[in-house]
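Asks: Each residue of the sequence shown is one higher than the one before, starting from 1 at the first, in full-length UniProt numbering. The structure is given below, and queries will be raised subsequently.
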Amino acid sequence: MRIARTAAELHEHLSAMRPRSGEADGVGLVPTMGALHEGHLSLIRAARAAHAAVVLSIFVNPKQFDDGGDLAAYPRDEEQDIALARAAGVDVVFAPSADEMYPSGFATTVSVHPRLTGVLEGAVRGAGHFDGVATVVCKLLAIARPDAAYFGEKDFQQLLVVRRMVEDLALPVRIVGCPTVREADGLARSSRNARLSPEQRAAAAAVPQALNGIADAVGRGVVGVSELRPPALETLERAGLACEYLAFVHPETLVPVDAVDGPTVCAVAAEAGPVRLIDNLLLNPPAPEGIGHA
Ligand SMILES: Nc1ncnc2c1ncn2[C@@H]1O[C@H](COP(=O)(O)OP(=O)(O)OP(=O)(O)O)[C@@H](O)[C@H]1O
Ligand SMILES: CC(C)(CO)[C@@H](O)C(=O)[O-]
Ligand code: BAL
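As structure tokens, this is what we get:
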């Protein structure tokens, strides 16, 4: 496994591999901010299974953090990340500095429309968050020129924003979404979980419980958002979590819905002490009675 600190080094390593890339499906890119866990490893495994060469990028992108505190507190462990990447079969780790990504004079922002970036995470983290994500992902795609790039469905709005950007700018890359990897109690794996105290970690299980409660209710035919929200909010509140949003939206437009009468994403963000937890679930309305029975 090679480590590249600059775009030039990455190109050098990849050009040595590109001849191989004709065999399988070229290069797969897995963009991350490091502090690798099973969620990231699942993306790497998906890329490994599909591509001749796998590039893992590790870059804690300052442009997507509004709050300097969150950026400073973001967990970093490059040594362990490199060991995990090697064990998972990554070919090249691309770990640039902020100066390499944003040299002096850098003056470009990629901005997806606020109807997709100004709501949910964008509303809480500030308008600059998804501009920062779109800008860095666009640049990572331009540097690595992968055939496909892998993103987690845990950050479902990010995945939607990246897909929109790629389609609108006709970027020659396939975007692959991968399912959320969870702990035994259902909590979505996240780098920020490392900052939870044991009490906060126990309380955090209320997030998947709230989502599962909603899915169960929808399965029983309860589809009105006004009926689905209160018990879920109560589950979060009982655990001592501060809910930032619990939203029912159309999976592609992010427009809020009143009822789960078509595919709907329930997206939630809650604070456990200093840690923001996000999660989501795709809900489908129950099949009309009689359908599906022999
Ligand atoms: N539990 C998970 N399952 C699947 N993919 C995940 C999971 N957690 C993160 N990812 C994906 O890994 C990629 C890199 O994410 P990132 O480095 O921000 O990790 P993270 O754990 O989401 O960190 P954060 O604490 O910022 O939420 C993203 O595409 C993200 O959606
Ligand atoms: C996609 C990403 C690597 C861009 O910095 C980041 O937002 C993340 O880790 O999800
Ligand atoms: N995992 C999404 C990127 C972020 O939290 O900034």
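For every residue, glycine included, the Cβ atom is placed at its ideal position computed from N, Cα and C.
Rounded to whole angstroms, what is the Cα-Cα separation between ASP147 and VAL166?
Replies: About 12 Å.
Asks: Apply the 10 Å Cβ neighbour rule to ARG220 and answer buried if 16 or more other Cβ atoms are within range, or exposed otherwise.
Replies: When all chains shown are included, ARG220 counts as exposed.
Asks: Could you give the distance in angstroms between the alpha-carbon of LYS63 and the alpha-carbon of VAL110?
Replies: C-alpha separation (whole angstroms): 11 Å.
Asks: From the DSSP output, in three-state form, read off PHE156 for me.
Replies: Helix, per DSSP.
Asks: Taking C-alpha atoms, which residue in ARG189, GLY105, ALA205, VAL265 lies nearest to LYS241?
Replies: Just to set this straight, residue 241 is Leu in the shown sequence, not Lys. That would be ALA205, whose Cα lies nearest to the Cα of LEU241.
Asks: Cβ-heavy atom distance between residue 317 and ligand 1 below 6 Å?
Replies: A query on residue 317 cannot be resolved here, the shown segment of the chain reaching from 1 to 294 and no further.
Asks: At the level of alpha carbons, what is the spacing between PRO172 and ARG45?
Replies: Their backbone Cα atoms lie some 22 Å apart in a straight line.
Asks: Spatial neighbours of residue 296 within its chain, please: C-beta separation below 6 Å, excluding the five flanking residues on both sides.
Replies: In the structure as shown, the chain starts at 1 and stops at 294, and residue 296 therefore has no counterpart that could be examined.
Asks: Give the straight-line distance between the Cα atoms of HIS113 and ALA149, rounded to the nearest whole angstrom.
Replies: When rounded, the distance between both Cα atoms is 22 Å.
Asks: When you compare the CB positions of GLY28 and ILE58, do they come within less than 7 Å of one another, or not?
Replies: No, Cβ-Cβ distance for GLY28 and ILE58 is not below 7 Å.
Asks: Going straight from the alpha carbon of PRO31 to that of GLY122, what length do you get?
Replies: Rounded to whole angstroms, PRO31 to GLY122 spans 20 Å at the Cα level.
Asks: Here's the rule: buried if 16 or more other CB atoms are within 10 angstroms of the residue's CB, otherwise exposed. What is GLN158?
Replies: With 16 or more other Cβ atoms within 10 Å, it is buried.
Asks: Using the beta carbon as the reference atom, which residues fall closer than 6 Å to any heavy atom of ligand 3, ordered along the chain?
Replies: Residues with a Cβ closer than 6 Å to any heavy atom of ligand 3, in chain order: GLN64, ASP155, GLN158.
Asks: Are the region 268–288 and the region 126–140 touching, with three or more C-beta to C-beta distances below 8 Å?
Replies: With a cut-off of 8 Å, the region 126–140 and the region 268–288 do not count as touching, because too few Cβ pairs lie within range.
Asks: So what does LEU283 bridge to, in DSSP terms?
Replies: Answer by DSSP bridge pairing, in chain order: THR264.
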